[in-house]
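Student:
Chains as they are written, first to last, in the numbering used here: chain Z, 17 to 190; chain S, 459 to 1099; chain B, 167 to 296.
1) Going along chain S in order, which residues have a C-beta closer than 8 angstroms to the C-beta of residue 169 of chain B?
2) Considering residue 1004 of chain S, what are the terminal residues of the beta strand (DSSP E) in which it resides?
3) Less than 8 angstroms between the C-beta atoms of residue 547 of chain S and residue 535 of chain S, yes or no?
4) My output table needs one value for residue 219 of chain B: the three-state DSSP class, helix, strand or coil.
5) May I ask you to verify whether the region 821 to 828 of chain S touches the region 690 to 698 of chain S, counting CB pairs closer than 8 angstroms and requiring at least 3?
6) Closer than 8 angstroms, CB to CB, is residue 825 of chain S near chain B or not?
7) Are the C-beta atoms of residue 23 of chain Z and some chain S residue less than 8 angstroms apart?
8) Could you name each continuous alpha helix (DSSP H) segment of 4 residues or more that falls completely within the region 621 to 695 of chain S, going from the start of the chain to the end?
9) Between which residues of its own chain and residue 977 of chain S is the CB-CB distance below 8 angstroms, once the five residues before and five after are set aside?
10) Taking DSSP as the reference, what is the three-state secondary structure of residue 1060 of chain S?
11) Could you check what DSSP says for residue 238 of chain B in three-state terms: helix, strand or coil?
12) What's the call for residue 81 of chain Z, buried or exposed, on a 16-neighbour Cβ count within 10 Å?
13) Given a limit of 7 angstroms on CB to CB distance, which residues of the region 690 to 701 of chain S reach chain B?
14) Helix, strand or coil for residue 869 of chain S? Go by DSSP, reduced to three states.
15) Out of S/784, S/480, S/553, which has the shortest C-alpha to C-alpha gap to residue 602 of chain S?
16) Would you grab the beta carbon distance between residue 759 of chain S and residue 712 of chain S for me? Rounded to a whole angstrom, and I think it's under 8 angstroms.
17) Do you know offhand how far residue 284 of chain B's Cα is from residue 879 of chain S's?
18) So which residues of chain Z does residue 492 of chain S contact, with C-beta pairs closer than 8 angstroms?
19) Is the shortest distance between the beta-carbon of residue 847 of chain S and the beta-carbons of chain Z less than 8 angstroms?
20) Identify the continuous alpha helix (DSSP H) that holds residue 72 of chain Z and give its terminal residues.
21) Mind pulling the alpha helix (DSSP H) runs of 4 or more residues that sit fully within the region 479 to 561 of chain S?
22) Given that residue 779 of chain S touches chain Z, what residues does it touch there, using C-beta distances under 7 angstroms?
23) State the start and end residues of the unbroken alpha helix (DSSP H) segment that holds residue 181 of chain Z.
24) Determine which residues of the region 784 to 816 of chain S have a Cβ less than 7 angstroms from any Cβ of chain Z, and write them out in chain order.
25) So, at 7 angstroms on beta carbons, what are the nonlocal neighbours of residue 963 of chain S in its own chain, with the 5 sequence-adjacent residues on each side left out?
26) Between residue 558 of chain S and the rest of its own chain, which residues show a CB-CB distance below 6 angstroms, the 5 nearest in sequence each way excluded?
27) Between residue 948 of chain S and the ligand PLP, is there a pair consisting of the residue's CB and a ligand heavy atom that are separated by less than 7 angstroms?
28) In the DSSP assignment, what are the bridge partners of residue 164 of chain Z?
29) If you pair each beta-carbon of the region 535 to 545 of chain S with each one of the region 470 to 484 of chain S, do three or more pairs fall below 8 angstroms?
30) Return the residues of the region 715 to 745 of chain S that lie within a Cβ-Cβ distance of less than 9 angstroms from chain Z, sorted by chain order.
31) Which chain S residues are close to residue 208 of chain B, counting only those with a beta carbon under 9 angstroms from its beta carbon?
32) According to DSSP, is residue 18 of chain Z part of a helix, a strand, or is it coil?
33) Who are the Cβ neighbours of residue 496 of chain S in its own chain at under 6 angstroms, not counting the five residues just before and after it?
34) Would you mind working out which of S/717, S/592, S/1009 sits nearest residue 674 of chain S, comparing C-alpha positions?
35) Can you say whether residue 95 of chain Z is buried or exposed, counting buried as having 16 or more other CB atoms within 10 angstroms of its CB?
36) Is DSSP giving residue 232 of chain B helix, strand or coil here?
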């Protein structure tokens, strides 16, 4: 009897632990920031160098996307973002893309080639990227009108995710 | 379809069938005591070896001829890859490495069968049975989730080439085979342990058969770990060789338990003690090799050494479950029959020191296991992601290493059986004084960090005890004669010496590493730790498989030129991130290590990481010495004792 | 007697040496930055601390550590800054609280239990002998 107990006490937790481990992606990190107030930022626009701050954007829902020209999925995502901007341009939704570990020249090149998406913000010291806990691009934050982060998408946006999260933010397609 | 695919898959399919038949034959052989059935069983082990040899040969042939119709070649081959790299691509990715694994395993099993072909002990059929069972699992992997011989259609014109990190250095030709020889070698002692438990045979049956295999596998695992560190050092570009990464830990854990085993076997040999414990350690070591492979190959833990995602995880889980359940059942229900013939008589005896040595190594292993798995445990229990990294492992393991060093010294002057500390008193004062002197000197030379002081003190204590012991013994006989008379003991001395090199070098190199970064324009110089580095020029060159950017640096010290170092960055078509090749100037005192971090496209400037690390070379030297010690005590036969 | 005196002198000298070594342990700000850099995990690498990573993000994070050290922040404050942004995952040395304590306590129990077992085992063997 005692032997059976030892047997099961070693076997079940070990196998159970590995079974649990197989079902998860070790690289998928839950954000520490969801449901918290979005960190403030002051960033310059690529187009004209004007400053954009989070405070200046408050009162309306905001989608903040982190990307780079060297990242493959970002290029694919770009098309989705372009459509999004077109579709929601007339609503109160604000959309910005923060350039991560990249040069303004590359970004201008990219836009020339693939067309403009959302307005691009520059983050030369990566301070804002670090404040948002970015660990790889693309990453997208959905921030509500009172400045709270509602959701973070790690990896490429999909139309379904966008639809769902915008609904949660109270933005409806016109 | 390529004939290679038919050939490879037929071999794997036949090997599966042969393994099943062989297991039945061995089972029957044991039940009805039939030598004929056992002969059939042995034949299937030889057969598997032949089949795996053909399959591996076919794969190497396909790799060398760029036969992209074979899935594995399409996955890791490319026309631009140099031929020697194509050949070693056999183990550059999952499917090929399992194929290679299958070959080594069947080779081990065939050699084992041949060596014991005339051995009629009742445990031998079980040994064959267990070996075939383990083989069967790997052959099933090759047939289903990790099949290297799948047909690709349409046949691509070219492939991406092997993982750039793996084709970047010649060590990739040496490190994996050594690692596999070590890892897979522990299957044989495991088979002996299982057989011994099933038969409840005399504990010595296990010992006399398994000990050589254990020592052999241990020697190769030792050098493999060191070579792995060397590879990280020479390729990854951060100037370090060990990061407590899950993949590194996976190779380290079985080494720790095997090291405990290598020591406790000596006690069983001399004193007929610890017989049950040795069987447990042999089983644990094998389980740890499986666990390590599972953790690193199923993508269950995040690791620097990224292996591609694969589907072998569930298969491995089932296999580990079966082996763990079977081993536990055997140990719990059959293990009680193992009884030691003798008893320990005194606390202050070598037997007890060996017990503490084992406790330290097993605790060490436990720390590494816990630290590696804890993020997984925490996530399963609390749901939150946490990390356990270098700081934890360092603070936990350094004290253990210190205690091991202490035992290493005292162990040599402690006699078996007796209960008096007379010899220890007599022989420890002088070494302690010499160790103190050494530490004092190194202190004044600048090795002043408290941990370094402790390590140098303990290591030199062990060193001088060993030297004085040799001096005493050498008065009667020449050193070579000593080695021949007692290869186990003096082979052990050699391994210990190598370990001392490694431990001191690890201590010095991790505490006194100087790591700086600079941006240099052409013609500009920087000074680091007495070295003057000048950027002469930058060059770019297309070689077949990659584009190489080199920063040619003039190195000088005290106005004396030391020649050129050219750290380079390699751009592979298959990878967005360039892979660096650091340039290292290695001496017995210190290494100057340069990595190219970034460069201006017009070649006018570059960013450079400069790492000056003392004593690193001694780690590699120590690794070779450790392995030599193991092999010496294995090869030299003790004269009738 | 002579043995004890010699041993005593040796041990005293070793103690002096260690004390002197510990006296050397004064951390410069640079050394502090380096130590902290080993405690924070690089978010874009795998299991490497920011102090060892060549990535741009790690370099910027090291700059931040440097700035915060210069601004006189305590170790805990600096680590908390990164924990807030990247979660507990970013700390390579887990926080010694709650369930995390297990990774220190369990090995200790393991080693002490093993030592206790050895003592009991040897004692039992001796009793049989006597």
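Cβ coordinates follow ideal geometry from the N, Cα and C atoms, glycine included.
Tutor: In brief:
1) By one-based count along the third chain, residue 169 of chain B stands at place 3. Near residue 169 of chain B (Cβ distances below 8 angstroms), the residues of chain S are 883, 887.
2) What you label residue 1004 of chain S is simply residue 546 of the second chain in a count that begins at 1. Its beta strand (DSSP E) spans residues 1004 to 1015.
3) Here residue 547 of chain S is taken as the residue at index 89 of the second chain, counted from 1. Here residue 535 of chain S is taken as the residue at index 77 of the second chain, counted from 1. Contact flag set, yes.
4) In the third chain, residue 219 of chain B corresponds to position 53, counting from 1. Residue 219 of chain B sits in coil when the DSSP states are folded into three classes, being neither helix nor strand.
5) no
6) Mapped onto the second chain, residue 825 of chain S falls at position 367. So, interface residue.
7) Taking the first chain and counting its residues from 1, one reaches residue 23 of chain Z at position 7. Yes, because at least one Cβ of chain S sits closer than 8 angstroms to the Cβ of residue 23 of chain Z.
8) 633 to 643, 645 to 657, 661 to 693
9) Numbered from 1 along the second chain, position 519 holds the residue referred to as residue 977 of chain S. Taken in chain order, the residues that qualify are 1063, 1064, 1065, 1066.
10) Here residue 1060 of chain S corresponds to residue number 602 of the second chain, with the count starting at 1. Looking at residue 1060 of chain S - three-state DSSP - the assignment turns out to be coil, as it is neither helix nor strand.
11) If you number the third chain from 1, residue 238 of chain B lands on position 72. Looking at residue 238 of chain B - three-state DSSP - the assignment turns out to be coil, as it is neither helix nor strand.
12) Along the first chain, one-based indexing puts residue 81 of chain Z at 65. It is buried - the Cβ of residue 81 of chain Z has at least 16 other Cβ atoms within 10 Å.
13) 695, 696, 698, 701
14) One-based indexing of the second chain puts residue 869 of chain S at position 411. Residue state, collapsed to three classes: helix.
15) Here residue 602 of chain S is taken as the residue at index 144 of the second chain, counted from 1. Of S/784, S/480, S/553, the residue nearest in Cα terms is S/553.
16) Here residue 759 of chain S is taken as the residue at index 301 of the second chain, counted from 1. Here residue 712 of chain S is taken as the residue at index 254 of the second chain, counted from 1. With 8 angstroms as the limit, residue 759 of chain S and residue 712 of chain S do not qualify as a contact, their Cβ atoms being about 16 angstroms apart.
17) In the third chain, the residue the question calls residue 284 of chain B occupies position 118. In the second chain, the residue the question calls residue 879 of chain S occupies position 421. Using only the alpha carbons, I get a separation of about 19 angstroms.
18) Reading the second chain from its first residue, position 34 is the one you call residue 492 of chain S. Result: empty, since nearest Cβ-Cβ is about 33 angstroms, beyond 8 angstroms.
19) As a first step, residue 847 of chain S is located in the second chain; it is residue number 389 there, counting from the start. Chain Z, which has no Cβ nearer than 8 angstroms to the Cβ of residue 847 of chain S, makes this no.
20) By one-based count along the first chain, residue 72 of chain Z stands at place 56. Per DSSP, residue 72 of chain Z belongs to the alpha helix (DSSP H) from 70 to 73.
21) 493 to 522, 529 to 534, 541 to 546
22) Counting from 1 along the second chain, the entry for residue 779 of chain S is found at position 321. What residue 779 of chain S touches in chain Z: 31.
23) Translated into positions along the first chain, residue 181 of chain Z becomes position 165. For residue 181 of chain Z, the enclosing alpha helix (DSSP H) starts and ends at 175 to 185.
24) 786, 787, 790, 791
25) Within the second chain, the letter at position 505 stands for residue 963 of chain S. Taken in chain order, the residues that qualify are 1073, 1074, 1076, 1077, 1080.
26) Counting from 1 along the second chain, the entry for residue 558 of chain S is found at position 100. Answer for residue 558 of chain S: 548, 549, listed in chain order.
27) Only the bare structure without any ligand can be found here, which leaves the ligand PLP out of the picture.
28) Walking along the first chain from the start, residue 164 of chain Z turns up at place 148. Per DSSP, Z/53.
29) no
30) none
31) Here the question's residue 208 of chain B lines up with position 42 in the third chain. Those do not exist, as residue 208 of chain B stays about 10 angstroms from chain S at its closest Cβ, beyond 9 angstroms.
32) In the first chain, counting from the first residue as 1, residue 18 of chain Z sits at position 2. Of the three classes helix, strand and coil, the one that applies to residue 18 of chain Z here is helix, per DSSP.
33) Here the question's residue 496 of chain S lines up with position 38 in the second chain. Within the same chain, residue 496 of chain S has close Cβ partners 487, 583.
34) Here residue 674 of chain S refers to the residue found at position 216 of the second chain. Checked all of S/717, S/592, S/1009; the closest Cα to residue 674 of chain S is S/717.
35) Counting from 1 along the first chain, the entry for residue 95 of chain Z is found at position 79. Exposed is the call here.
36) Numbered from 1 along the third chain, position 66 holds the residue referred to as residue 232 of chain B. Of the three classes helix, strand and coil, the one that applies to residue 232 of chain B here is helix, per DSSP.
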